[in-house]
Amino acid sequence: LLDEKKLQETKNLYLDFESPEKAANILKLIHFEKFEDTTQALAAATATVEGKISKPLKKLLKRLVDPDVQEKLLVADSTLGKAIKVYL
Numbered sequence: 015l016l017d018e019k020k021l022q023e024t025k026n027l028y029l030d031f032e033s034p035e036k037a038a039n040i041l042k043l044i045h046f047e048k049f050e051d052t053t054q055a056l057a058a059a060t061a062t063v064e065g066k067i068s069k070p071l072k073k074l075l076k077r078l079v080d081p082d083v084q085e086k087l088l089v090a091d092s093t094l095g096k097a098i099k100v101y102l
C-alpha cells in the first residue's frame, strides 16, 4: 500500500482499482513466487480455502517476514489471516 490516506479518502474504491494503471498508483507488488507445478499450486489453493498455511507459503513467510519488524500484511481471507498471525 503506497499511501493509506488514498484508501481512507476514496469515494469509490471500485473506480480506484478499475484498471491496472490505477491500481498501481495505490498498491505495489513487493514479491511474486511461482509454484513448482500444478500439483503444488492446487495443494496451496486447497490449503488457502481451508484457512491453512501451505508449505510454500510457510517457506515464503519465514524467508521474507522479519519477526522483529512490525509490518502489515494484507490478506483477503480472514481465516487465512488468522492462521498467518498465529504462525508468525
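Counting in the working numbering, the sequence shown runs from 15 upward without gaps.
For each residue, glycine too, the CB sits at the ideal point set by N, CA and C.
A quick note: this is a predicted structure, and the numbers were derived from the prediction, not measured.
### Message
Measuring straight from C-alpha to C-alpha, what distance separates Asp17 and Thr24?
### Response
Locating residue 17 in the sequence shown gives position 3, counting from the first residue. Locating residue 24 in the sequence shown gives position 10, counting from the first residue. If I take the Cα positions, the gap works out to 12 Å.
### Query
Roughly how many angstroms separate the alpha carbons of Asp75 and Ala61, rounded to a whole number?
Counted from its first residue, the sequence shown places residue 75 at position 61. Counted from its first residue, the sequence shown places residue 61 at position 47. Per the sequence shown, the amino acid found at residue 75 is Leu instead of Asp. Each residue's alpha carbon lies about 15 Å from the other.
### Query
In whole angstroms, what is the alpha-carbon distance linking His45 and Lys66?
Working through the sequence shown from its first residue, we reach residue 45 at position 31. Working through the sequence shown from its first residue, we reach residue 66 at position 52. Between His45 and Lys66, the C-alpha separation is close to 21 Å.
### Task
Run the CB neighbour count on Ala97, radius 10 Å, all protein chains shown included, and call it buried at 16 or more, exposed below.
Here residue 97 is taken as the residue at index 83 of the sequence shown, counted from 1. Buried: at least 16 other Cβ atoms inside 10 Å.
#### Entry: Supposed close pair Leu71, Ala55 - CB separation, criterion 8 Å
If you number the sequence shown from 1, residue 71 lands on position 57. If you number the sequence shown from 1, residue 55 lands on position 41. Their Cβ separation, rounded to whole angstroms, is 12 Å, which puts Leu71 and Ala55 out of contact at 8 Å.
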